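Everything below concerns the one structure shown next.
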Amino acid sequence: MNRLGTTGRWVFALGIAAIGAVSLLFGQYVSALQPLPEDLPGRAAIAFAGGASLLLCGAGLAFAKTARAAALALAFLLLGACLAIHLPILLAGVRNGTSWVRLFEPLALAGAALIVAASLRATAVSARTIAIGRWLFAVSLPVFAATHFIYAEFVASLIPAWIPARLFWAYFTGAAHLFAGLAIMSNVLARLAATLAGAMYGSWAVILHLPRVMADTGNQGEITSLFMAVALCGAAWVIAGSAGEREAAWPARSNA
1 MNRLGTTGRW VFALGIAAIG AVSLLFGQYV SALQPLPEDL PGRAAIAFAG
51 GASLLLCGAG LAFAKTARAA ALALAFLLLG ACLAIHLPIL LAGVRNGTSW
101 VRLFEPLALA GAALIVAASL RATAVSARTI AIGRWLFAVS LPVFAATHFI
151 YAEFVASLIP AWIPARLFWA YFTGAAHLFA GLAIMSNVLA RLAATLAGAM
201 YGSWAVILHL PRVMADTGNQ GEITSLFMAV ALCGAAWVIA GSAGEREAAW
251 PARSNA
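Read left to right, the sequence shown gives residues 1 to 256 (full-length UniProt numbering).
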């Protein structure tokens, strides 16, 4: 993995670990990643296990010796949550925009986790895994774009009042998601698109989410949203960093 991908892995690790730490700190399930029913037996234990798992995976991602195992565990955890929790909720209410975001955010993060794992082992299987990881991340971006278009007024309301033309920026970021997703899926300017997407998420963490957290430091949802933006920033840079991996790994597949 090149320098951009390595930087992305560290930022990704920070975001994932922080989301888990916030869950443990508040003693609640991982907001937006684990919407467990209030009456679910063992809910508190599951919530603790989820937070602890994310914290450990995030910490593991930060170190080269443990990054691959941590990335595989994280991908398994996130994909499991998508299939067992988020997909059934989405199918029960496909018109709920929140359900779409809650499914595709962990799906995008799972894609980045697969790339981290695969990039640390150059084999034919790794090359295919990198392609799958990119696709999981890229296919999530048009979904985020759609929610920005459909709920533009709400998205605009989240933008600080000192930023002019807030509705324009709601639509603009929706279009940015759409074009970034298409670029990564088609592998046309994929590295540039993923790099810029990461910069966009990073700017959101600083400009949008951090002030909201500072204004309400006891709000778990706001804090989780901050570190979700950080995790997505790192994930996008992991995608961008993997742009150089395909040329090195795909020939190995053809010779297998």
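Don't be surprised by glycine CBs; every beta carbon is placed ideally from N, CA and C.
As the structure is a prediction and not an experimental result, all values here were calculated from the model.
With residue i as the anchor, note down where its alpha helix (DSSP H) starts and where it stops.
i	result
Arg43	Arg43 to Leu61
Trp233	The question names Trp, but residue 233 in the sequence shown is Cys. From DSSP, the alpha helix (DSSP H) with Cys233 extends over Gln220 to Gly241.
Gly80	Ala64 to Ala81
Arg212	Leu210 to Ala215
Leu87	Leu87 to Ala92
Look at the alpha carbon of residue i and the alpha carbon of residue j, and state the distance between them as a whole number of angstroms.
i	j	result
Phe12	Gly93	30 Å
Arg128	Leu107	17 Å
Leu25	Leu120	32 Å
Ala183	Ala190	5 Å
Gly42	Tyr29	12 Å
Ile19	Leu54	7 Å
Thr147	Val230	20 Å
Gly27	Asn219	13 Å
Assign residue i to one of three DSSP states: helix, strand, or coil.
i	result
residue 257	Outside the shown range of the chain (1 to 256) lies residue 257, about which nothing can therefore be said.
Ile16	helix
Ala161	coil
Gly181	helix
Gly27	coil
Arg102	helix
Tyr171	helix
Arg121	coil
Ala95	Looking at the sequence provided, one finds Arg at residue 95 rather than Ala. Note: Arg95 maps to coil in three-state DSSP.
Which same chain residues end up closer than 6 Å to residue i when comparing Cβ atoms and leaving out the 5 residues on each side of it in sequence?
i	result
Gly181	Ala138, Leu141 and Pro142
Ala197	Ala180 and Ala236
Gly8	Gly234, Trp237, Val238 and Gly241
Ala21	Leu55
Sufficient close CB pairs (3 or more, under 8 Å) joining the region 87-100 to the region 44-60: no
Three or more beta-carbon pairs under 8 Å between the region 150-158 and the region 108-117, yes or no? no
Looking at C-beta atoms only, is the number of pairs between the region 219-239 and the region 199-206 that lie closer than 8 Å three or more? yes
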